[in-house]
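Numbering (UniProt numbering), first residue to last: 1 to 584.
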């Protein structure tokens, strides 16, 4: 978007000559009236004159030019109508019921203005689709985000500071402390895992004043926009460390291997910059035999802070495991006073679908979901360690729905008769509008069964029910562009739901809930291939679960008051007692 400055070239700064000229005095008397008149004209033409959007946009720009001219450059109108989603897509993807609502496209300051809107339509348009946001960012988080953006621009690829850091890395020896220090994020596992581990890595960057660079060997740039202004977060192809995707779980430069071979000492009093390797590989993934558990200890963090390049390999949401860490505990509290807001706020700040993905999202939404009064998202996933027959899984979904009142109930015979009489006499029945059920699953059976249920039986109260499933690919094919594009589109479609039913242990469902800002109902996993006695639980916190937290004993422990705080805010996950998550 072409954004005009609020202060035109003809306005003097406060420390200039404060004596107004006659022209300025005259403008101060007549200017406000002229502004109101000129700004009202295009709206009158649009709303009462039957003018189409394209014509209204032209009138708006013309009005802005006239106002700028008559004011001597003192004012420039920011284009609003022409940047509405309806102008960018003739089908007007934003909810029609919300057209009159003022939408905060900057998400309470999370996002900054000034990006080229057309290069990443989702960045500002997503606010028109999100139903709800329970938390606003703290002023401290906003300050830290702006500081990070400045740091990233200063240290990004193509800058002298980046070149200096790369040159030291290429030499194989750390000789001096660098002004810019980096986290190189390595993608690992499915799309939900990627998104949650990237959010965690970015939070760690905020805590340590590092810069995040994304290793993108596959389709990452086809999925997400650049999140930071006037720079890139993509690791250049000429990066000195090659074959990053083939390092595996246990490379020689992993932190645990370096400690074992005494190539690094986890004693901050003995570890100096010139005694440390130029980079360290951190395995923070779920494979516990290879996990760098000591990453979560204070002394080890002090040592790692002296290493310029850290390679982060993780498929977990590891923010809950950082909360008890002594040096980060207070900072996380300041950044996120509401503990369950971390993934929600950072996901909305950091992750913006590419135009290709966003096109799928908005076209599907406007075609199938926009007119519904309520949207119910149902995400179904079974894992190899918890597979049960389709009949059992379907019954678990129905039992959960009855327990938590998620899917519309089926009408009885008497109600069907009354509804039929009302329809025959021309009445609309007692329905409270329509409900759209969005099924996101690799499998098609559940969609077919739920759709058939509402085809064969009317919903209680005369509610009109529609059931949709964008795709069912039967097997997960992470890394294949078409599959990942469709999967990401479905994550965002789920995030626009009013009600969410997700699968336990599923990062796909977790990131959807985080983006939505909703506490989902979670289907319990059939551990041991046995149908759980309780079909589901309602989440107490919308934070994702760290499914494989480290079990580590560090030298230092939090103070007693911090122990109490940790016990209150870091607890077992509702659907996986082996995991941990943040609670308010």
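Each residue gets a CB set at the ideal place from its N, CA and C atoms; glycine is no exception. Source: prediction; values computed, not measured.
Cβ-based burial, residue i [other Cβ within 10 Å; buried from 16]
i           : result
residue 341 : buried
residue 152 : buried
residue 510 : buried
residue 227 : buried
residue 192 : buried
residue 162 : buried
residue 401 : buried
residue 132 : exposed
residue 577 : exposed
In DSSP terms, what residue i is bridged to
i           : result
residue 546 : 580
residue 435 : 374 and 465
residue 353 : 224
residue 117 : In the DSSP output, where bridge partners are listed per residue, residue 117 has none listed.
residue 440 : 379
residue 572 : 580
residue 310 : 183 and 280
residue 410 : 459
Cut-off 7 Å between Cβ atoms - residues of its own chain near residue i, not counting five sequence neighbours on either side
i           : result
residue 103 : 127 and 128
residue 134 : 517
residue 212 : 183, 185, 201, 202, 205 and 233
residue 208 : 305
residue 22  : The predicted model places residue 22 with a pLDDT of 41, which falls under 50 and marks its position as unreliable, so this point remains unresolved.
residue 357 : 223, 485, 488 and 489
Spatial distance of residue i from residue j (CA atoms)
i           : j           : result
residue 568 : residue 542 : 16 Å
residue 463 : residue 436 : 10 Å
residue 586 : residue 564 : Residue 586 is absent from the structure shown; the chain starts at 1 and stops at 584.
residue 118 : residue 190 : 28 Å
residue 283 : residue 582 : 22 Å
residue 552 : residue 241 : 30 Å
residue 508 : residue 344 : 14 Å
residue 506 : residue 322 : 21 Å
residue 560 : residue 324 : Reliability of the predicted coordinates at residue 560 is poor, the pLDDT of 49 falling under 50, and the value obtained from them is presented with this limitation in mind. Going by the C-alpha atoms only, they are around 12 Å apart.
residue 330 : residue 447 : 46 Å
residue 372 : residue 433 : 7 Å
residue 172 : residue 149 : 29 Å
residue 36  : residue 114 : Legend: pLDDT at residue 36 = 43, less than 50; position of this residue unreliable, value from coordinates given subsequently. Each residue's Cα considered, the two are about 25 Å apart.
residue 265 : residue 215 : 28 Å
residue 461 : residue 412 : 10 Å
residue 261 : residue 253 : 10 Å
residue 337 : residue 452 : 46 Å
residue 352 : residue 224 : 6 Å
residue 426 : residue 120 : Residue confidence is low: residue 426 scores 42 on pLDDT, short of 50, so the model does not pin down where it sits. Its coordinate-derived value is still stated next. Between residue 426 and residue 120, the C-alpha separation is close to 47 Å.
residue 468 : residue 496 : 14 Å
residue 382 : residue 549 : 22 Å
residue 362 : residue 175 : 51 Å
residue 376 : residue 294 : 42 Å
residue 178 : residue 303 : 15 Å
residue 106 : residue 487 : 25 Å
residue 231 : residue 123 : 16 Å
residue 263 : residue 280 : 11 Å
residue 387 : residue 471 : 21 Å
residue 291 : residue 251 : 12 Å
residue 450 : residue 365 : 20 Å
residue 146 : residue 308 : 22 Å
Where residue i falls: helix, strand or coil (DSSP)
i           : result
residue 250 : coil
residue 504 : coil
residue 454 : helix
residue 521 : strand
residue 264 : coil
residue 211 : strand
residue 297 : coil
residue 234 : strand
residue 491 : helix
residue 537 : strand
residue 326 : helix
residue 342 : helix
residue 303 : helix
Residue i beta carbon near the ligand ATP (any heavy atom closer than 8 Å)
i           : result
residue 485 : The ligand content of the structure shown is nil, which means the ligand ATP is not present either.
Cβ-based neighbour list, residue i, same chain, cut-off 8 Å, excluding 5 preceding and 5 following
i           : result
residue 392 : 526 and 531
residue 537 : 521, 522, 524, 574 and 575
residue 298 : 325, 326, 327, 554, 555 and 556
residue 540 : 519, 574 and 583
Residues near residue i in its chain [Cβ-Cβ closer than 6 Å; skip 5 each side]
i           : result
residue 457 : 410
residue 579 : 545, 546, 547 and 573
residue 374 : 435 and 498
residue 465 : 408, 435, 454 and 459
residue 58  : Bear in mind that the predicted position of residue 58 carries a pLDDT of just 42, short of 50, making it too unreliable to give a figure here.
residue 65  : With a pLDDT of 41 at residue 65, under the threshold of 50, the modelled position of this residue cannot be trusted; read the value that follows with caution. Result list for residue 65: empty, nothing under 6 Å.
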